[in-house]
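Take 23 as the starting number for the first sequence in our numbering and just add one per residue.
Even for Gly, the Cβ is constructed at its ideal location relative to N, Cα and C.
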Amino acid sequence: MKPNNSFNEKVYALLKKVPKGKVTTYKNLANKLGTRAYRAVGRAMACNPYAPKVPCHRVVSSDGTIGGFNGTKNPNSAPIKRKIALLKKEGVIVKANKIVNFERIVVL
DNA sequence: GCTTTGACTCTCG
DNA sequence: TCGAGAGCCAAAG
23 MKPNNSFNEK
33 VYALLKKVPK
43 GKVTTYKNLA
53 NKLGTRAYRA
63 VGRAMACNPY
73 APKVPCHRVV
83 SSDGTIGGFN
93 GTKNPNSAPI
103 KRKIALLKKE
113 GVIVKANKIV
123 NFERIVVL
């Protein structure tokens with residue numbers, strides 16, 4: 023369960039590389055990891071043991087949409103909405119769970 | 001060790 | 001333009 027030395031670790035590392043006020047996409051992360059495990063990346067976020075370290079809310083789908091972590095039935099993902107609000111403060115405009123300014127999506 | 005699921009993406013209808 | 005289905009990879013059970 024949640025191996026600290028695995029694929030997900032690499033995802034967290036890339037996520038931490040994302041500058042503040044910027045967001046990234048699952049596809050991008052997977053591509054950087056040299057894999058097509060887009061879903062694996064998202065799943066790693068669901069199990070992310072690095073809550074404050076890994077800004078999962080900073081990761082969006084390739085279309086710029088938030089995805090589903092905000093609409094998840096998981097109670098742990100509920101307060102993430104608050105993180106999105108903070109993200110907006112940083113310069114990332116999120117409207118209706120979607121990134122308005124795509125310029126904020128940075129490619130690692 | 002095999003089967004199921006998942007915060008996704010792409011293509012076809 | 002919108003909707004549904006198949007595909008890929010990895011981790012959890």
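Tell me residue i's beta-bridge partners as DSSP assigns them.
{"i": "K117", "result": "K120"}
Quick one: Cα of residue i to Cα of residue j, how far?
{"i": "V76", "j": "L37", "result": "6 Å"}
{"i": "V114", "j": "N70", "result": "22 Å"}
{"i": "L109", "j": "P101", "result": "13 Å"}
{"i": "K32", "j": "A59", "result": "12 Å"}
{"i": "L51", "j": "K105", "result": "20 Å"}
{"i": "A73", "j": "A35", "result": "13 Å"}
{"i": "K120", "j": "L55", "result": "25 Å"}
Residue i by DSSP, collapsed to three states: which one?
{"i": "V45", "result": "strand"}
For residue i, report the span of its alpha helix (DSSP H) as first-last.
{"i": "K32", "result": "F29 to K39"}
How would you call residue i, buried or exposed, if buried means at least 16 neighbouring beta carbons within 10 angstroms?
{"i": "A107", "result": "exposed"}
{"i": "V40", "result": "buried"}
{"i": "V82", "result": "buried"}
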